[in-house]
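Enquirer: Just so you know, the protein sequences line up as chains U and V, in that order.
The first sequence begins at 56 in the working numbering and counts up by one.
The second sequence begins at 28 in the working numbering and counts up by one.
Using N, Cα and C, we set each Cβ at its ideal position, and we do this for glycine too.
My questions will all concern the structure given below.
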Amino acid sequence: MIAIVDYGMGNVASVSTAFRKLGYEVTITDDRETLQKATHLILPGVGSFQAAMKEIEDRGLKNLLQEMAKKKPFLGICLGMQLLFSEGFEGGKTKGLSILPGTIEKMETEHILPHIGWNALKAEGNGNPFSQFKGKHVYFVHSFAAKTNAAYIAATAEYGMTVPAIVRRENVYGIQFHPEKSGEVGVDILKTFLQEAVR
Amino acid sequence: MIVKRIIPCLDVKEGKVVKGTNFVSLRELGDPVDMASSYSREGADEIIFLDISATNEGRQTMIDIVKKTAETVFVPFTVGGGVKSIDDVTRLLQAGADKVGMNSAAVANPSLIREAADRFGSQCVVVAVDAKRIGNSWHVMTHGGSRDSGKDALKWVKEAELQGAGEILLTSVDTDGVKDGFDLELTRAVVDSVRTPVIASGGCGKPEHFGEVFRKTGVSAALAASIFHERIYSIDQVKQSCAEQGVDIREAGLF
């Protein structure tokens, strides 16, 4: 069973439908026991970094999420992806979950922010499971982006800067765009996560 | 880079998609969730619902439609029509809408834009502007294009942007329903007035009109209703036409 972490940040109806469509059982929960039993953890989120960390801490989930990220397939989506990193600057400097090294900083681009709309993915490299999505368009909505080690970046997009679009390290994955709003391609990307993260 | 978006718009009245000519003789076309879902599969980049229900029951039905749409549609969708207060915005977003459109209420009370943007972020606040040429300028019309607010459209879009609008949905009352192409002059004037993305609406009669508005103005997206609903043209045909005209679009849909 896949558990989507419910911490009051954003609507998760389409995320859960996407996984159900792929044939998985899904539960949306903040219950510790259920989260511990789940096969995969999905951390969604829309809103500001600071507000999101507060919600996670208020629910006493911070340590649990850090613990789970060592053990099972773990995917952060949009703000959920950003929270995986050590520090964010949206709404004031805030400590993140520190599951991945790096920071979340305001995008430096001459283009309008937020970076919103359909943008093409760039993904290179042998053995990169996301290179099959090279040139495919996915739906982005964000003004902050990850600064992290290039080794963890599996896909990017161009927006007057190189935007990390998919990050991964071992069983931990992060997707900056909204796969659940990216049509069939988005669902295929979630499927790739499910296949790869167990290896 | 960000591609141009092709958006079908669904007018929903008391839970059914309708199409009327100038708001009279409305004809039922189908179920909103089914139609949104099939447009999304066919490659629509976004869906817009415009609720034109006159009753509270109709508005409540819209909430159910939004919930079902969020569960079945895998592209972003916007809901507008009759949004009067921050509570209306909250209800629609909580039901699963990605963006909420506001029109007459924002004209009457521009701080509604600011309130919604502060609470939920500009990215989900769409200000719909119905503009009509009056002499040498364009006026903002409200109440479904029937009342002249007296406001200058170009000044209004700047104010809306300043208040936190994340997107402007611009409908030309003059070209709406005429099917002879989008209002290029108005669209260009509005795009040049703001930095916020603009969606052009009103006047599309064939696929080529999309390419035209994308090539000749700086709009981010364009919207049509009847050409899709009446099955005269498919989303795919529109996208092919855009691609032939050299417009960057998302290749998706039925492939």
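Anyone know if the C-beta pair for residue 134 (chain V) and residue 107 (chain V) falls short of 8 Å?
Expert: By 1-based counting over the second sequence, the position of residue 134 (chain V) is 107. By 1-based counting over the second sequence, the position of residue 107 (chain V) is 80. In this structure, residue 107 (chain V) does not lie closer than 8 Å to residue 134 (chain V) by Cβ.
Enquirer: Residue 55 (chain V): which of V:40, V:63 and V:228 sits nearest, CA to CA?
Expert: As a first step, residue 55 (chain V) must be located in the second sequence, where it is residue number 28. Taking only the C-alpha atoms, the option nearest residue 55 (chain V) is V:40.
Enquirer: For a test of the three-state rule: what should DSSP assign to residue 66 (chain V), helix, strand or coil?
Expert: Working through the second sequence from its first residue, we reach residue 66 (chain V) at position 39. Of the three classes helix, strand and coil, the one that applies to residue 66 (chain V) here is helix, per DSSP.
Enquirer: For residue 188 (chain V), count neighbouring C-beta atoms within 10 Å of its own C-beta (all shown protein chains included) and say buried if the count is 16 or more, exposed if not.
Expert: Within the second sequence, the letter at position 161 stands for residue 188 (chain V). Buried, by the Cβ-count rule.
Enquirer: Please list the terminal residues of the continuous alpha helix (DSSP H) segment that includes residue 110 (chain V).
Expert: The residue you call residue 110 (chain V) lines up with position 83 of the second sequence. No alpha helix (DSSP H) holds residue 110 (chain V); DSSP gives it neither H nor E.
Enquirer: Compile a chain-ordered list of the residues in the region 159-178 of chain U whose CB is closer than 9 Å to at least one CB of chain V.
Expert: So the close ones are 166, 167, 169, 170, 171, 172, 173, 174 and 175.
Enquirer: Taking DSSP as the reference, what is the three-state secondary structure of residue 282 (chain V)?
Expert: Here the question's residue 282 (chain V) lines up with position 255 in the second sequence. Residue confidence is low: residue 282 (chain V) scores 39 on pLDDT, short of 50, so the model does not pin down where it sits. No coordinate-derived value is stated.
Enquirer: Looking at the ligand PLP, does it come within less than 7 Å of residue 95 (chain V), judged from the CB to the closest heavy atom?
Expert: Although the ligand PLP was asked about, the structure shown includes no ligands whatsoever.
Enquirer: What do you get for residue 77 (chain V), buried or exposed, if any count of 16 or more other CB atoms within 10 angstroms of its CB means buried?
Expert: For the purposes of this step, residue 77 (chain V) is taken as residue 50 along the second sequence, with counting starting at 1. Classification for residue 77 (chain V): buried.
Enquirer: Could you tell me whether the region 216-234 of chain U touches the region 29-45 of chain V, using the rule of 3 or more Cβ pairs below 8 Å?
Expert: Flag = no, the region 216-234 of chain U and the region 29-45 of chain V do not touch.
Enquirer: Kindly say whether residue 102 (chain V), judged by its beta-carbon, lies nearer than 8 Å to any beta-carbon of chain U.
Expert: Counting from 1 along the second sequence, the entry for residue 102 (chain V) is found at position 75. Answer yes: the Cβ-Cβ gap between residue 102 (chain V) and chain U drops below 8 Å somewhere.
Enquirer: Taking the alpha carbon of residue 60 (chain V) as the reference point, which residue from V:89, V:79 and V:70 has its own alpha carbon closest?
Expert: Residue 60 (chain V) sits at position 33 when you count from the first residue of the second sequence. The residue with the shortest Cα to Cα distance from residue 60 (chain V) is V:89.
Enquirer: What are the residues of the region 206-240 of chain U that lie near chain V, defined by any Cβ-Cβ distance shorter than 8 Å?
Expert: Going along the region 206-240 of chain U in chain order, one finds 213, 214, 233, 235, 236, 237, 238, 239 and 240 with a Cβ nearer than 8 Å to chain V.
Enquirer: By Cβ distance, which residues of its chain are closer than 7 Å to residue 188 (chain U), with the 5 residues on each side in sequence left out?
Expert: For the purposes of this step, residue 188 (chain U) is identified with residue 133 of the first sequence, where counting begins at 1. Here the set comprises 176, 178, 210, 240 and 244.
Enquirer: Please confirm whether residue 246 (chain V) has its beta-carbon closer than 8 Å to some beta-carbon of chain U.
Expert: The residue you call residue 246 (chain V) lines up with position 219 of the second sequence. Not closer than 8 Å to any Cβ of chain U, the Cβ of residue 246 (chain V) fails to qualify, so no.
Enquirer: Strictly by DSSP, which residues pair up with residue 104 (chain V)?
Expert: In the second sequence, residue 104 (chain V) corresponds to position 77, counting from 1. V:74, per the DSSP bridge assignment.
Enquirer: Apart from the five residues just before and just after residue 60 (chain U), which ones in its own chain have a Cβ nearer than 6 Å to its Cβ?
Expert: As a first step, residue 60 (chain U) is located in the first sequence; it is residue number 5 there, counting from the start. Within the same chain, residue 60 (chain U) has close Cβ partners 98.
Enquirer: If you follow the beta strand (DSSP E) that residue 129 (chain U) is part of, which residue opens it and which one closes it?
Expert: Here the question's residue 129 (chain U) lines up with position 74 in the first sequence. Here the beta strand (DSSP E) through residue 129 (chain U) covers 129-132.
Enquirer: Measuring only the C-alpha atoms, how far is residue 135 (chain U) from residue 63 (chain U)?
Expert: Walking along the first sequence from the start, residue 135 (chain U) turns up at place 80. Walking along the first sequence from the start, residue 63 (chain U) turns up at place 8. Whole-angstrom Cα-Cα distance: 12 Å.
Enquirer: Under 8 Å, do residue 192 (chain U) and residue 181 (chain U) count as touching if we go by C-beta distance?
Expert: Locating residue 192 (chain U) in the first sequence gives position 137, counting from the first residue. Locating residue 181 (chain U) in the first sequence gives position 126, counting from the first residue. Not in contact: residue 192 (chain U) and residue 181 (chain U) (Cβ atoms no closer than 8 Å).
Enquirer: Please compile the residues from chain U whose C-beta is within a distance smaller than 8 Å of the C-beta of residue 67 (chain V).
Expert: Within the second sequence, residue 67 (chain V) is the residue found at index 40, counting from 1. Ordered by position in chain U, the residues that pass the 8 Å Cβ test against residue 67 (chain V) are 238.
Enquirer: Does the CB of residue 214 (chain V) have a neighbour CB from chain U at under 8 Å?
Expert: Looking up residue 214 (chain V) in the second sequence gives position 187. So, not an interface residue.
Enquirer: Would the region 230-238 of chain V count as touching the region 264-276 of chain V if we require 3 or more Cβ pairs under 8 Å?
Expert: Yes, since at least three Cβ pairs between the region 230-238 of chain V and the region 264-276 of chain V fall closer than 8 Å, the two stretches touch.
Enquirer: Can you have a look at residue 50 (chain V) and say buried or exposed, based on whether 16 or more other CB atoms are within 10 angstroms of its CB?
Expert: Residue mapping note: residue 50 (chain V) aligns to position 23 of the second sequence, counting from 1. Note that residue 50 (chain V) has pLDDT 49, beneath the 50 cutoff, so the model's placement of it is unreliable and no number is given.
Enquirer: With a threshold of 6 Å on Cβ separation, who are the neighbours of residue 97 (chain V) within its own chain once the five nearest residues in sequence on each side are excluded?
Expert: Locating residue 97 (chain V) in the second sequence gives position 70, counting from the first residue. Here the set comprises 123.
Enquirer: Tell me where the beta strand (DSSP E) around residue 197 (chain U) begins and ends.
Expert: Taking the first residue of the first sequence as 1, we reach residue 197 (chain U) at position 142. Its beta strand (DSSP E) spans residues 192-197.
Enquirer: Mind pulling the chain U residues with CB within less than 8 Å of residue 123 (chain V)?
Expert: Your numbering for residue 123 (chain V) matches position 96 in the second sequence. Here the neighbours are 66, 68 and 69.
Enquirer: Would you say residue 270 (chain V) reaches chain U, if we count a Cβ-Cβ gap shorter than 8 Å as a contact?
Expert: Here the question's residue 270 (chain V) lines up with position 243 in the second sequence. For residue 270 (chain V), the answer is no, since every Cβ of chain U falls outside 8 Å of its Cβ.
Enquirer: Can we say the region 161-175 of chain U touches the region 190-204 of chain U, given the rule of at least three CB pairs closer than 8 Å?
Expert: A contact exists between the region 161-175 of chain U and the region 190-204 of chain U.
Enquirer: Can you tell me which residues form a DSSP beta bridge with residue 165 (chain V)?
Expert: As a working mapping, residue 165 (chain V) is identified with position 138 in the second sequence. Its beta-bridge partners are V:160.
Enquirer: Cβ closer than 8 Å: which chain U residues qualify as neighbours of residue 279 (chain V)?
Expert: Translated into positions along the second sequence, residue 279 (chain V) becomes position 252. By Cβ distance, chain U contributes 192, 238, 239 and 240.
Enquirer: On a Cα-Cα basis, can you pick out the residue from V:185, V:191, V:250 and V:232 that is closest to residue 219 (chain V)?
Expert: Counted from its first residue, the second sequence places residue 219 (chain V) at position 192. That would be V:185, whose Cα lies nearest to the Cα of residue 219 (chain V).
Enquirer: Which residue marks the beginning of the beta strand (DSSP E) containing residue 126 (chain U), and which one marks its end?
Expert: As a working mapping, residue 126 (chain U) is identified with position 71 in the first sequence. Per DSSP, residue 126 (chain U) belongs to no beta strand (DSSP E) and is neither H nor E.
Enquirer: Please go through the same chain and pick out, in chain order, the residues whose beta-carbon is closer than 8 Å to the beta-carbon of residue 82 (chain U), but skip the five residues on each side of it.
Expert: The sequence position of residue 82 (chain U) within the first sequence is 27, counting from 1. Around residue 82 (chain U): 56, 57, 58, 59, 89 and 93.
Enquirer: The region 199-227 of chain V: which residues have C-beta closer than 8 Å to a C-beta of chain U, in chain order?
Expert: Those residues of the region 199-227 of chain V that come within reach of chain U (Cβ to Cβ, closer than 8 Å) are 222, 223 and 224.
Enquirer: Measuring CB to CB, does residue 246 (chain U) end up less than 8 Å from residue 77 (chain U)?
Expert: Position 191 of the first sequence holds residue 246 (chain U). Position 22 of the first sequence holds residue 77 (chain U). It is a contact, given that the beta carbons lie within the stated cut-off.
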